[in-house]
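Chemist:
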Ligand code: 9MJ
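In the working numbering, the protein residues as written are 93 to 763.
#1: Using the C-alpha atoms, what's the distance from residue 456 back to residue 500?
#2: Measuring alpha carbon to alpha carbon, tell me which residue in 176, 735, 204 is nearest residue 753.
#3: With three or more beta-carbon pairs closer than 8 Å as the criterion, would you say the stretch 388 to 403 touches the stretch 175 to 195?
#4: Output the boundary residues of the alpha helix (DSSP H) element that contains residue 757.
#5: With three or more beta-carbon pairs closer than 8 Å as the criterion, would you say the stretch 159 to 172 touches the stretch 237 to 246?
#6: Exposed or buried, residue 318, counting other C-beta atoms within 10 Å across all chains shown (16 or more means buried)?
#7: Taking residue 320 and residue 208 to be in contact with their CB atoms under 8 Å, please state how far apart those CB atoms are, rounded to whole angstroms.
#8: With DSSP run on the structure shown, which of helix, strand or coil describes residue 166?
#9: So does residue 610 have its beta carbon nearer than 7 Å to some heavy atom of ligand 1?
#10: Between residue 96 and residue 145, what straight-line distance do the alpha-carbon atoms span, to the nearest angstrom?
#11: The beta strand (DSSP E) that contains residue 421, what's its start and end?
#12: Regarding residue 383 and ligand 1, is the C-beta to nearest heavy atom distance less than 7 Å?
#13: So which residues touch the region around ligand 1, with touch meaning a C-beta under 6 Å from any heavy atom?
#14: State whether the stretch 376 to 385 contacts the stretch 194 to 211, with contact taken as three or more CB pairs (one from each stretch) at a distance under 8 Å.
#15: List the DSSP bridge partners of residue 450.
#16: If residue 82 and residue 466 are in contact, beta carbons under 8 Å, what's the gap, nearest whole angstrom?
#17: By the 10 Å Cβ neighbour count, where 16 or more other Cβ atoms means buried, how is residue 459 classified, buried or exposed?
#18: Exposed or buried, what is residue 392 when buried is set at 16 or more other beta-carbons lying within 10 Å of its beta-carbon?
#19: Where do the N-terminal and C-terminal ends of the beta strand (DSSP E) with residue 678 fall, by residue?
#20: Is DSSP giving residue 720 helix, strand or coil here?
#21: Give every residue of the same chain whose Cβ lies closer than 6 Å to the Cβ of residue 720, excluding the five residues on either side of it in the sequence, and list them in chain order.
#22: Are the stretch 514 to 522 and the stretch 425 to 433 touching, with three or more C-beta to C-beta distances below 8 Å?
#23: CA-CA distance, residue 496 and residue 461?
#24: In whole angstroms, what separates the C-alpha of residue 93 from that of residue 109?
#25: Let me know if residue 645 comes out buried or exposed under the rule of 16 or more other beta-carbons within 10 Å of its beta-carbon.
#26: Is the stretch 741 to 750 close to the stretch 358 to 378, with three or more CB pairs under 8 Å?
#27: For the alpha helix (DSSP H) that residue 551 lies in, which residues bound it at each end?
#28: Residue 233: buried (16+ other C-beta within 10 angstroms of its C-beta) or exposed?
#29: Taking 8 Å as the threshold, find out whether the stretch 608 to 625 comes into contact with the stretch 640 to 658 through three or more Cβ pairs.
#30: Let me confirm a value: residue 98 is counted as buried when at least 16 other C-beta atoms fall within 10 Å, else exposed. Which label applies?
#31: Is residue 93 helix, strand or coil when you go by DSSP?
#32: Check this for me: beta carbons of residue 572 and residue 562, under 8 Å apart or not?
#33: Between the Cα of residue 322 and those of 294, 378, 368, 259, spot the shortest distance and give me the residue it belongs to.
#34: Write down every uninterrupted run of the alpha helix (DSSP H) in the stretch 595 to 677 whose length is 4 residues or greater and which is fully enclosed by it, in chain order.
#35: Can you tell me whether residue 535 is buried or exposed, with buried defined as 16 or more other CB within 10 angstroms of its CB?
#36: Pull up the CB-CB distance for residue 671 and residue 554, whole angstroms please, since I reckon it's below 8 Å.
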């Protein structure tokens with residue numbers, strides 16, 4: 093382009109286009125063009141600006157990353173102080189907050205609140221003058237913070253210029269800068285690869301990134317921001333409520349959290365709290381509670397402030413997921429396959445909503461890496477339904493004589509040799525079914541819900557039965573009598589009879605469940621299903637050669653060798669024969685033709701209730717064509733199949749841009 097006037101006009105159009113598509117992509121999560129087209133437009137603008145540097149504007153998308161590192165951050169004074177929030181931790185404290193508010197407002201109706209997730213990041217204030225982002229400061233002590241404008245400009249979701257026409261002449265807008273979980277994982281993986289120290293959590297990573305003096309480093313960090321309030325405003329058309337104000341911010345191009353909602357009364361707050369608590373793990377960013385704000389802005393004004401926090405808002409915090417406690421002892425547990433796991437016995441501590449007194453240490457490599465010793469003070473973490481684990485030893489807390497532990501040479505239960513194979517992190521008891529611990533665990537597995545599903549036969553009862561010498565192996569279960577059972581502690585005649593009935597009912601079972609119930613190493617539900625479908629009968633599976641086994645989708649040399657090993661053990665064959673003798677039978681499955689592998693490599697997740705077919709049946713059909721069916725949505729998921737009343741998996745798929753298949757699309761897929 094030769095003419096500067098033409099170039100100027102084109103650069104205006106390009107900037108508008110790029111800003112529009114950035115907004116669609118980063119703020120709304122609704123991209124309209126592929127990344128390659130965005131990159132093309134960006135390069136076109138860059139070329140024009142190279143040719144005519146006088147066309148460069150401060151808010152050009154090419155100017156996000158400044159080229160001069162700072163020597164130090166200067167200070168910013170907030171026009172209106174940045175507030176913090178008071179906390180409540182349970183329903184009664186929330187009720188007290190509501191009462192305090194209502195005592196001042198004296199309303200007949202239930203009070204409306206704007207509810208939003210409480211993001212775990214850093215509060216930042218952005219200042220827009222005549223629509224242009226001129227300054228960004230951290231909260232600091234609430235009055236004075238640090239000028240982080242250069243770094244904030246690198247965050248793509250933050251507009252360098254507000255959108256639309258009716259934005260105010262001056263706008264101070266507040267929000268939280270955070271690092272989404274996926275970006276945090278990637279950043280830490282890279283750090284570990286490069287031999288750098290990883291960040292402890294996304295909050296620290298966000299804080300560390302915002303405090304970089306070199307904006308190029310900040311630009312390489314996956315930061316994001318959600319806005320949640322305004323400070324000083326000049327020339328704002330009147331809005332009545334907090335939620336309307338947030339809607340307005342979104343229209344001006346500012347990034348807002350999608351999960352915000354308007355709720356009524358304490359009941360509405362608690363319902364929202366429960367809903368978000370259930371979705372917490374699957375949200376793409378960390379939250380540590382919910383914030384409720386009186387929605388009516390006049391009432392907010394009327395309520396005012398106490399010290400540094402508003403009277404009209406409260407943070408309802410989730411129970412902490414990390415706490416400090418001490419290691420009383422470290423013991424070794426023997427699992428079903430003989431794996432010996434070090435387990436820390438802790439001084440009981442309330443964390444993640446429950447009292448935790450044990451935490452897994454996984455294996456000895458982990459114990460050594462974390463250098464956990466008996467009597468150490470440690471950080472324990474329990475997030476969601478994940479098994480509690482020790483994050484780290486609290487630095488400087490080690491007592492003199494703190495004892496290191498060592499993997500025993502002999503199994504703590506049966507005294508057999510402990511072996512650790514080359515290249516494996518796990519040490520195992522070599523006792524097999526001679527080991528009472530392995531026997532107990534294999535019986536628990538046999539009885540479990542996804543295996544034989546024997547109602548009433550829980551872990552405690554299995555322990556009791558083995559300890560009392562009433563059973564040794566799974567086939568012994570079927571010889572139990574009401575008299576024997578009702579002699580046990582806490583077992584009445586009625587419960588005993590119920591268990592006998594449940595055992596009787598379990599005798600008719602599908603082949604895949606039976607294979608799974610056998611507890612062959614590395615044969616989970618999905619592999620058991622593939623084996624049942626491929627071979628059609630237990631006899632054929634038992635007779636299969638090493639090569640035959642590897643013809644099954646998903647079965648490689650390691651799994652094949654575990655299966656062969658299992659059927660080579662005489663004691664396993666004896667148990668299977670005895671189970672057949674007591675009347676356990678399964679429907680022989682018509683071996684499916686695995687030839688149609690059109691879904692090979694695809695990974696599906698099923699959520700909600702499907703009207704056309706049961707979940708197991710659908711799973712079987714997908715797997716027979718080479719697909720995998722998993723329980724949780726990740727970037728690797730190919731599509732999520734959604735029935736009625738889907739759970740959070742559907743939302744997560746939407747957020748990750750993963751295909752969603754309804755029942756009609758599913759029919760097409762399966763032909
Ligand atoms: C966070 N951290 O997500 C506020 N916050 O409002 C939300 N913090 C806040 N609001 C007034 N959603 C002061 C702090």
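Cβ coordinates follow ideal geometry from the N, Cα and C atoms, glycine included. Only a predicted model underlies this, so the values are computations on that prediction, with no experimental measurement involved.
Modeler: Based on what the coordinates show:
#1: The sequence position of residue 500 within the chain shown is 408, counting from 1. The sequence position of residue 456 within the chain shown is 364, counting from 1. If you take the alpha carbons of residue 500 and residue 456, they lie about 11 Å apart.
#2: For this step, residue 753 is matched to residue 661 along the chain shown. The shortest Cα separation from residue 753 among 176, 735, 204 belongs to 735.
#3: yes
#4: Residue 757 sits at position 665 when you count from the first residue of the chain shown. From DSSP, the alpha helix (DSSP H) with residue 757 extends over 755 to 762.
#5: yes
#6: Numbered from its first residue, the chain shown carries residue 318 at position 226. Flag for residue 318 reads buried.
#7: Here residue 320 refers to the residue found at position 228 when the chain shown is read from its first residue. Here residue 208 refers to the residue found at position 116 when the chain shown is read from its first residue. Indeed, because the Cβ distance is near 6 Å, the residues count as touching under 8 Å.
#8: Taking the chain shown and counting its residues from 1, one reaches residue 166 at position 74. DSSP places residue 166 in coil when its eight states are reduced to three.
#9: On the chain shown, position 518 is the one that residue 610 refers to. Result no, Cβ not under 7 Å from ligand 1.
#10: For the purposes of this step, residue 96 is taken as residue 4 along the chain shown, with counting starting at 1. For the purposes of this step, residue 145 is taken as residue 53 along the chain shown, with counting starting at 1. Roughly 11 Å between the two C-alpha positions.
#11: Locating residue 421 in the chain shown gives position 329, where the first residue counts as 1. Looking at the DSSP string, the run of the beta strand (DSSP E) that includes residue 421 is 414 to 426.
#12: Reading the chain shown from its first residue, position 291 is the one you call residue 383. Checking the Cβ of residue 383 against ligand 1 gives yes.
#13: 175, 177, 208, 210, 211, 268, 320, 321, 383, 405
#14: yes
#15: Walking along the chain shown from the start, residue 450 turns up at place 358. Its beta-bridge partners are 437.
#16: Nothing about residue 82 can be read from this structure; the chain reaches only from 93 to 763.
#17: Here the question's residue 459 lines up with position 367 in the chain shown. Buried is the call here.
#18: Within the chain shown, the letter at position 300 stands for residue 392. Buried: at least 16 other Cβ atoms inside 10 Å.
#19: Reading the chain shown from its first residue, position 586 is the one you call residue 678. Note, residue 678: beta strand (DSSP E), 677 to 679.
#20: On the chain shown, position 628 is the one that residue 720 refers to. Strand, per DSSP.
#21: The residue labelled residue 720 in the question sits at position 628 within the chain shown. Only 695 meet the Cβ criterion.
#22: yes
#23: Residue 496 sits at position 404 when you count from the first residue of the chain shown. Residue 461 sits at position 369 when you count from the first residue of the chain shown. Distance between the alpha carbons of residue 496 and residue 461 is about 12 Å.
#24: As a working note, residue 93 is residue 1 in the chain shown. As a working note, residue 109 is residue 17 in the chain shown. No answer about residue 93 holds up, because its pLDDT of 46 lies below 50 and its placement is not dependable.
#25: Counting from 1 along the chain shown, the entry for residue 645 is found at position 553. Residue 645 comes out buried.
#26: yes
#27: Working through the chain shown from its first residue, we reach residue 551 at position 459. Per DSSP, residue 551 belongs to the alpha helix (DSSP H) from 551 to 559.
#28: Within the chain shown, numbered from 1, the residue matching residue 233 stands at position 141. Label assigned to residue 233: exposed.
#29: yes
#30: Position 6 of the chain shown, counting from 1, holds the residue named residue 98. So residue 98 ends up on the exposed side.
#31: In the chain shown, residue 93 corresponds to position 1, counting from 1. Since pLDDT at residue 93 reaches only 46, below the 50 mark, its modelled position is unreliable, and no value is offered.
#32: In the chain shown, the residue the question calls residue 572 occupies position 480. In the chain shown, the residue the question calls residue 562 occupies position 470. Taking 8 Å as the Cβ cut-off, residue 572 and residue 562 qualify as a contacting pair.
#33: Looking up residue 322 in the chain shown gives position 230. Checked all of 294, 378, 368, 259; the closest Cα to residue 322 is 259.
#34: 603 to 609, 617 to 627, 630 to 635, 638 to 642, 649 to 660, 662 to 673
#35: Counted from its first residue, the chain shown places residue 535 at position 443. The residue in question, residue 535, is buried, as its Cβ has 16 or more Cβ neighbours within 10 Å.
#36: Numbered from its first residue, the chain shown carries residue 671 at position 579. Numbered from its first residue, the chain shown carries residue 554 at position 462. At roughly 17 Å, the Cβ-Cβ gap does not stay under 8 Å, so residue 671 and residue 554 are not in contact.
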